[in-house]
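S.K.:
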Amino acid sequence: MDTLLIAEQALNGLQFGVMLFLMAAGLTLVFGIMDLINLAHGSFYMVGAYLTAAFVGVFDHFLLALLAAVALTALVGLAVEWTALRSFYRRDHLDQVLATFGLILFFNELARIIWGPVPIFLNPPAALAGTVNLFGLQYPAIRLAILGVGVAVALLLWLLIARTRVGMLIRAGATNREMVMALGVDVRLLFSLVFALGAGLAGLAGAMAGPVLAVQVGMGEQILILTFVVIVIGGIGSVRGALAGALLVGMVDTLGRATLPALFRLFLDPAAANGAGGAAASMAIYVLMALVLAIRPRGLFPAG
Amino acid sequence: MTRPRFALLVMLAVGLLLPVVAAWMGEPFYVRLGTRILVFALAAVSLDLILGYGGMVSFGHAAFVGVGAYVVGVLFVHASEYTPILGLTATQNALIVWPLAAAVAALAAVPIGLISLRTTGVPFIMITLAFAQMLFYLMTGLKAYGGDDGVALWNRNELPDSPALADNTVFYYVTLGILVAVLVAAHRMVRSRFGRVLRGAKDNERRMRALGFPVTRYKLAAFVIAAAIAGLAGALLANATLFVGPQYLHWSRSGDLIVMVVLGGMGTLAGPVVGAAALLLLEEFVPELMNLAKPGLGEHWKIVLGPVLLLLVLYARRGLWGWIAGSRR
Amino acid sequence: MDRGVAAMSAPAALEVRDLVKRFGGLAATDGLSLAVTAGELHALIGPNGAGKTTLIGQLSGELRPDAGSVRFRDRDVTRLPAHRRAAMGLARSFQITSLFPSFSVLDNVAMAVQAHAGHSFRFWRDAGRDRRLGDPARAVLERVGLSARADVYASDLAHGEARQLELAMALAGDPALLLLDEPMAGCGPEESARMVELLRSLKGTVTILLVEHDMDAVFALADRITVLVRGRALATGTPAAIRSDPAVREAYLGGEAA
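Chains as they are written, first to last, in our numbering: chain A, 418 to 721; chain B, 4 to 332; chain C, 32 to 289.
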């Protein structure tokens, strides 16, 4: 395989990695601070994607549609937190699993009613429809833009967490919930804020996924499970771990999909190799997770 | 007679009489529905052993059901193509295939349990879900056994020299017998020393270690036993539906099993049975009711189920069995 | 000022040497040495932050020390997990009551008995009717005076009773060493007095390492006392010797003992 192809796949891996990070950051913060496991986090990703598709139809302007979709997804997150999940912070994890499983069923069915069962394919905005020449590599501009936005958001998130008062509370809350409550902070407001932030980030990931992947019911859970793998690898509750885990999973998954079927073709017939290689590529990150856990049960960067 | 005992007798009577009533009503469909309920009850009971008694919130239990089903499916493909598997002739003998399904599921549970049980709480939930997804992808990659589409089976496993299992009613009673036998064994188990260790670990794992129990070893044993029963349920499921496919391992199936356990009442043995019956009956009849209100509405019944689940968790944690059996700790 | 350790001639049930445990840069245990002689009631006192909780974690096996060794019954157990040490006869009670709330009082103790009755891969017989668990459990309940409450759920016990049950569970396996982490914590005067009587009745029959804040109880019960300050053993000796030790008065007891 030549270097250009590898470079392209590596960029794809990075781009997938930052998407996963957008998902994982919110989920891990919500868990770290509220001690809530939210299965419906993937639903925000799906909502973000569908809303972008819908707004593109209204505004006929991708960036505008994306911004509106992200804002609205954050509001949906806020609404979910207010109406449903607030009562579950003090419940045990099984209750949270069941309740948010219920939310998934609700959101998936709602999306199916509104948008139907057929996947929607979003066109990238005209400015990003072509390719960019990167040292001889013709790389899709939209993917590069996603990578750029992802890196920028990761930086902003880091600034928010490392440099602001809210960020200080978030950090403190992730390692010691009781302490933050003892500080006399309006914890409910902080919780709502963090939850909306997480939903917004997931919505952003979904909005950007629209032009790259198909927008369809079930897309949220597929990425949710990957996000779980990211968080478990990175160390639950840790944003730094989420970043490391996301990049690792993004790379391993993308490179696995690019190389494993070819590898299997060396000793299997093409059809069988594509099947087995594809399955092996799908399983690669779970094997990675198993390896990490066998060595470090609390993940690479355990919080607290 | 105590109230729970009476309720159990009623349940057993309903189980025994269902095919008779279905035949009298001329609705053979109810026998198939009943069989599915029994199969999922078996799977839910196995999940409750680790979830309700052991406090292990596994979100990947459907994977073991799927593995059991695939044992049936793989053997069927080889038997129907007259190709050997691992150098052996593929058998269709239920007395071999079903225990084999349980054994293979148990074997799969050993490494998964070993790694997952290094953690507890939320990481455990995430990891079991992830491993189940891994097995899901593994099955979709098995092109020789249908890949994404799965395999349709032409016939059930057989008893030696007898075509009896092909009959839906016979198969129903065999499934009922297996469920009752597993329930009796589980009833003994949760009261045995082993069961006490399991329940003690759920109550206070740190204390168990301080008392000298190597807790992880017992939890792993329970995890493997539960997987074996789930594998058996999977073998029965394949025989009941005459189909094997990756969707049996889909993450939402694991969610369904948790719902059955909690809906029925976790930490009880009758609860998961009631829960399985309740969820499958709802799934069967609520859409029909909704279709009466407006044709086509029924296919979206999960938009009702979702919020109902949430409310259930908020306000009715003891589950249906707690309500049926009356107040008891 | 580490007098007690080298001077003892009786066999040591527990011997701690140069134990170190750091959290970040902070040494919670800082080169601690300590020996508990078989048969004695050895008390461990120290001001808040002296490192008592960290020490107990390392003795019971829940925390791994950074350096030093723990010997129990002439065996190096420094790297053994908690359940292995417990199986060797190191029983402990918890500062914050740690019971099985959904089990009856009797079954709480029966669980402790079961822990020492071989493996529990027994799947068929009803453990609730097993007299090999029930009889010893009843005997222990008798010993701590909880027989009348045998069939109550552990979660329904009053605080003092829960402390007694905690002790009963630790006693059930006939331990070689009883590690008691503040058994009087949260007890009123009456409950404390009952606990002191209970501990006095145990003296001589079982080796005890008692960590306790209640000075009256410690000085009334202990054969020897070790004073822990900033992760080190400042002094070890009889209650009388500790009471008159100027360094101890300086560092810890202050005006309280005067």
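Beta carbons are placed, not taken as given, at the ideal position from N, Cα and C, and that holds for glycine.
What does Met142(C) reach in chain B if we use C-beta pairs closer than 7 Å?
M.R.: Arg199, Gly203, Leu214
S.K.: Comparing C-alpha positions only, which one of Gly219(C), Val136(C), Thr68(C), Asp187(C) sits nearest to Met200(C)?
M.R.: Of the listed residues, the one whose Cα sits closest to Met200(C) is Val136(C).
S.K.: Is Val262(B) close to chain A, meaning its C-beta is less than 8 Å from at least one C-beta of that chain?
M.R.: It does; some Cβ of chain A falls within 8 Å.
S.K.: Could you check how far apart the C-beta atoms of Asp52(C) and Pro96(C) are, in whole angstroms? I think they sit under 8 Å.
M.R.: Note that residue 52(C) is Lys in the sequence shown here, rather than Asp. Contact holds; Cβ gap of about 5 Å.
S.K.: Comparing alpha-carbon positions, which option in Lys234(C), Leu240(C), Ala271(C), Leu75(C) lies nearest Arg174(C)?
M.R.: With distances taken between Cα atoms, Arg174(C) lies closest to Lys234(C).
S.K.: Have a look at Ile261(B) and Val48(B) and give me their C-alpha separation to the nearest angstrom.
M.R.: 10 Å
S.K.: Among Arg191(B), Gly301(B), Trp101(B), Tyr176(B), which one has its Cα closest to the Cα of Arg156(C)?
M.R.: Cα-wise, what sits closest to Arg156(C) is Arg191(B).
S.K.: What whole-angstrom Cβ distance do Val634(A) and Pro534(A) have, given they're in contact under 8 Å?
M.R.: 7 Å
S.K.: Kindly provide the ranges of any alpha helix (DSSP H) runs that are 4 or more residues long and lie completely inside the stretch 75 to 109 of chain C, ordered along the chain.
M.R.: 83 to 91
S.K.: So what does DSSP say about Asp187(C), is it helix, strand or coil?
M.R.: Helix at Asp187(C).
S.K.: Output the boundary residues of the beta strand (DSSP E) element that contains Gln555(A).
M.R.: 554 to 557
S.K.: Is any beta-carbon of chain B found at less than 8 Å from that of Phe103(C)?
M.R.: The C-beta of Phe103(C) comes no closer than 8 Å to any C-beta of chain B.
S.K.: Which bits of chain A does Tyr140(B) rub up against, with CB to CB less than 7 Å?
M.R.: Ala696, Ser699, Met700
S.K.: Count the CB pairs spanning the stretch 685 to 703 of chain A and the stretch 666 to 675 of chain A that are closer than 8 Å, and state whether there are at least three.
M.R.: yes
S.K.: If I measure Cβ to Cβ from Thr128(C) and keep anything under 7 Å in the same chain, skipping five residues before and after, which residues do I get?
M.R.: Ala193, Arg194, Glu197
S.K.: With the cut-off set at 8 Å, would you say Phe67(B) and Gly234(B) are in Cβ contact?
M.R.: yes
S.K.: Buried or exposed: Asn207(B), going by 16 or more other Cβ atoms within 10 Å of its Cβ?
M.R.: buried
S.K.: Taking just the CA atoms, how far does Ala279(B) sit from Ala701(A)?
M.R.: 34 Å
S.K.: Would DSSP call Thr644(A) helix, strand or coil?
M.R.: helix
S.K.: Quick check on Ile423(A) - is its C-beta less than 8 Å from some C-beta in chain B?
M.R.: no
S.K.: Kindly list the residues whose CB is nearer than 6 Å to the CB of Glu287(C), restricted to its own chain and excluding five residues on each side of it in sequence; keep chain order.
M.R.: Model confidence at Glu287(C) stands at a pLDDT of 48, short of 50, so the residue's coordinates are unreliable; what they give is reported in the following sentence. Correct list: empty, nothing qualifies.
S.K.: Let me make sure I understand the geometry here. Which of Phe476(A), Leu522(A), Phe505(A) has the alpha-carbon closest to that of Gly461(A)?
M.R.: As written in the sequence, residue 461(A) is Phe, which differs from the Gly given in the question. It is Leu522(A).
S.K.: Within 8 Å (strictly less), CB to CB, does Gln686(A) reach chain B?
M.R.: The residue you asked about is not Gln; residue 686(A) is Asp in the sequence shown. Closer than 8 Å: no.
S.K.: For Gln145(C), go through chain B and note every residue whose CB falls closer than 7 Å to its CB, in chain order.
M.R.: Arg196, Arg199
S.K.: Counting only C-beta atoms, is Arg121(B) closer than 8 Å to chain A at any point?
M.R.: yes
S.K.: Since Ala616(A) and Gly443(A) are thought to touch, with beta carbons under 8 Å apart, how far apart are those beta carbons, to the nearest angstrom?
M.R.: In this structure Ala616(A) touches Gly443(A) by the C-beta definition: roughly 7 Å separates them, less than 8 Å.
S.K.: Expressed to the nearest angstrom, what Euclidean distance is found between the alpha-carbon atoms of Val185(B) and Leu179(B)?
M.R.: 10 Å
S.K.: Quick one: Cα of Ala37(C) to Cα of Leu209(C), how far?
M.R.: Unreliable positioning characterises Ala37(C) in this predicted model, as indicated by a pLDDT of 43, which lies under 50. The coordinate reading is nonetheless provided below. Rounded to the nearest angstrom, the two C-alpha atoms are 22 Å apart.
S.K.: Please confirm whether Asp385(A) has its beta-carbon closer than 8 Å to some beta-carbon of chain B.
M.R.: Summary: the structure shown does not reach residue 385(A), with chain A confined to residues 418 through 721, and so no result is reported for it.
S.K.: Nearest by alpha-carbon distance to Leu545(A): which of Gly658(A), Ile530(A), Ala562(A) is it?
M.R.: Ala562(A)
S.K.: May I ask you to list the residues that DSSP assigns as paired with Leu210(C)?
M.R.: Arg123(C), Leu240(C)
S.K.: Can you give me the start and stop residues for the beta strand (DSSP E) that Arg53(C) sits inside?
M.R.: 43 to 54
S.K.: Is the shortest distance between the beta-carbon of Phe523(A) and the beta-carbons of chain B less than 8 Å?
M.R.: yes
S.K.: Alpha carbon to alpha carbon, how far is Ile130(B) from Ala65(B)?
M.R.: 14 Å
S.K.: What does the Cβ neighbour count give for Asn540(A), buried or exposed, with the cut at 16 atoms within 10 Å?
M.R.: Classification of Asn540(A): exposed, given that the 10 Å Cβ count is below 16.
S.K.: Could you say if the stretch 33 to 53 of chain B and the stretch 265 to 279 of chain B meet the contact criterion of at least three C-beta pairs nearer than 8 Å?
M.R.: yes
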